[in-house]
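Structure record follows, encoded as structure tokens.
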Amino acid sequence: RYQRLRRNAILASGHSQTDRRQSLAEASAGKRAHMAGGGGSSRWGADEAKRFGTSSVSCVAAAMVTNPIDVVKTRMQIRGEANQRGAAGGARSLGFARTGLELVRNESWTALYKGLCASCLREATYSGLRLFGYDWVKNAVAGDSQVFVVKLGSGMVSGFLSAAITTPTDLVKVRMQACTGTSAADRRYPSMRAAFKEVYHTRGLFGLYDGWQPNAVRAAALTGVQVSSYDHSKMLVKRHLGYSEGMPLHFFSSVLAGLLASIATAPIDLVKTRIMRTPGLYRSSLHCAAATVRNEGFFGLYKGFFAQWIRIGPHTLTAFVVLEQLRKLVHLEPIGESRKK
Numbered sequence: 083r084y085q086r087l088r089r090n091a092i093l094a095s096g097h098s099q100t101d102r103r104q105s106l107a108e109a110s111a112g113k114r115a116h117m118a119g120g121g122g123s124s125r126w127g128a129d130e131a132k133r134f135g136t137s138s139v140s141c142v143a144a145a146m147v148t149n150p151i152d153v154v155k156t157r158m159q160i161r162g163e164a165n166q167r168g169a170a171g172g173a174r175s176l177g178f179a180r181t182g183l184e185l186v187r188n189e190s191w192t193a194l195y196k197g198l199c200a201s202c203l204r205e206a207t208y209s210g211l212r213l214f215g216y217d218w219v220k221n222a223v224a225g226d227s228q229v230f231v232v233k234l235g236s237g238m239v240s241g242f243l244s245a246a247i248t249t250p251t252d253l254v255k256v257r258m259q260a261c262t263g264t265s266a267a268d269r270r271y272p273s274m275r276a277a278f279k280e281v282y283h284t285r286g287l288f289g290l291y292d293g294w295q296p297n298a299v300r301a302a303a304l305t306g307v308q309v310s311s312y313d314h315s316k317m318l319v320k321r322h323l324g325y326s327e328g329m330p331l332h333f334f335s336s337v338l339a340g341l342l343a344s345i346a347t348a349p350i351d352l353v354k355t356r357i358m359r360t361p362g363l364y365r366s367s368l369h370c371a372a373a374t375v376r377n378e379g380f381f382g383l384y385k386g387f388f389a390q391w392i393r394i395g396p397h398t399l400t401a402f403v404v405l406e407q408l409r410k411l412v413h414l415e416p417i418g419e420s421r422k423k
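Take the sequence shown: its position 111, counting from 1, is numbered 193 in this note's numbering, and each next residue is one higher.
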């Protein structure tokens, strides 16, 4: 409309023929440039799609690498529930290596990839949303702010909302990974689709959201600590040690972020896993945590911590390194940098 009005004003004015032609040429050039750029809103939408897409792809890649560790971690976390089920004593923890060997010996090595499809679906939705959401919330709230509390809060908000929305994918993943395959009850999930249908038919729509509270709290703690510490450590290392964007910086920051995230989320992750695996056994997340401490001691909350760490560590490393490379490939700024205008 602006271009049409300008044309009409030029033609109606008393300019010379040469001036009119020059002005019309400038107007047409401006219109072509605007159309070639797609407009500001189109450019914004394309960049946001790239941010979400790269986040999802990088986390799916990380899930494919770490699924065997995730299965072993889940099996370690559900050991010890014998007390809560009324047995005479909790199952003794075998440690990460022995749990993995026992799993392979009893169920074959393919058991290490149980729930892989559900895990990839979860990462494409939940993890894609939380990484994308962190970037979006931080930019919307504080723009280019480098205050750590802002980063922590942005990660917590993003993680909580993402997990609350996508809890069904996490629940199905846990159910499939927890199945030992040694009984008919444990063989009721031959596929991800069958798992979704079974949960829906037996417990209804809300059954797909069993454990959403600890799941969302864990995601808030994980994203808040993991992504903010990665972002902030990058900034500090670049500022004080003179490093630039590249593999050494991404490696160091992601390893640190993975360790801190494991420490912060291990107890919450154990509670979430037990509630999702045995719905109805616990009245609430606090009841599950209290029962675990009462029957297994305080460090029962950290059962499977080593597996948690060696899962989150490689997962964080793979996700962030791949994400940084993908963002570079599609001409997006690195994590933590000011957004391109």
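Virtual Cβ for every residue (Gly too), placed ideally from N, Cα, C.
The beta carbon of Glu280 is closer than 8 Å to those of Arg270 and Tyr271 in its chain, skipping five residues each way along the sequence.
9 Å or more divides the Cβ of Leu203 from the Cβ of Asn149. By the criterion of at least three beta-carbon pairs nearer than 8 Å, the region 342-351 is in contact with the region 373-392.
Take Gln390, set aside five residues on each side of it, and the residues of its chain with a beta-carbon closer than 7 Å to its own are Lys155, Ser344, Ala348 and Asp351, in chain order. Here the C-alpha atom of Tyr282 lies approximately 18 Å from the C-alpha atom of Cys199. The beta carbon of Ala371 sits closer than 6 Å to those of Val353, all from its chain and outside the five residues before and after it, given in chain order.
Shown here, Tyr325 sits in coil according to DSSP, grouped into three states, outside any helix or strand. The beta carbon of Val307 lies closer than 6 Å to those of Leu342, Ala343 and Ala346 in the same chain, with the five residues before and after it left out. With a contact defined as Cβ atoms closer than 8 Å, Leu399 and Val337 qualify at about 6 Å.
Every alpha helix (DSSP H) stretch that sits fully inside the region 193-224 and reaches 4 residues is listed by chain position as 198-204 and 210-224.
In summary, Phe333 is exposed, with fewer than 16 beta-carbon neighbours lying within 10 Å of its beta-carbon over all protein chains present. A distance of 9 Å or more separates the beta carbons of Gly395 and His314.
Contact annotation: the region 210-226 touches the region 236-250, with at least three C-beta pairs closer than 8 Å. In summary, Val412 is exposed, with fewer than 16 beta-carbon neighbours lying within 10 Å of its beta-carbon over all protein chains present. Between Ser137 and Leu234, the CB-CB gap reaches or exceeds 9 Å. Assignment of Glu419 by DSSP, reduced to helix, strand and coil, places it in the coil class.
Scanning its chain for C-beta atoms nearer than 6 Å, with the 5 sequence neighbours on each side dropped, one finds around Phe230 the residues His314, in chain order. Thr374 places its beta carbon less than 9 Å from that of Arg356. In summary, Leu287 is exposed, with fewer than 16 beta-carbon neighbours lying within 10 Å of its beta-carbon over all protein chains present. For Ala246 and Gln295, the gap between their C-alpha atoms comes out near 8 Å. By the CB criterion at 9 Å, Ser244 and Ala144 fall outside the cutoff.
Taking the C-beta atoms as reference points, Met158 is found no nearer than 9 Å to Leu253.
If you ignore the 5 residues before and after Phe402, its C-beta comes within less than 8 Å of the C-beta of Ser140, Tyr312, His332, Ser335, Ser336, Ala339 and Ile417, all in its own chain and listed in chain order. The continuous alpha helix (DSSP H) containing Arg393 extends over residues Phe387 to Leu411. If you look at Asp252, you'll find it in the alpha helix (DSSP H) that goes Phe230 to Ala260.
Counting C-beta atoms within 10 angstroms of its own C-beta, Met329 has fewer than 16 neighbours from the protein chains shown and is therefore classed as exposed.
In the structure shown, Thr360 falls within a coil segment according to DSSP collapsed to helix, strand and coil.
Cβ-Cβ separation between Val232 and Ala222: approximately 11 Å, too far for a contact (criterion under 8 Å).
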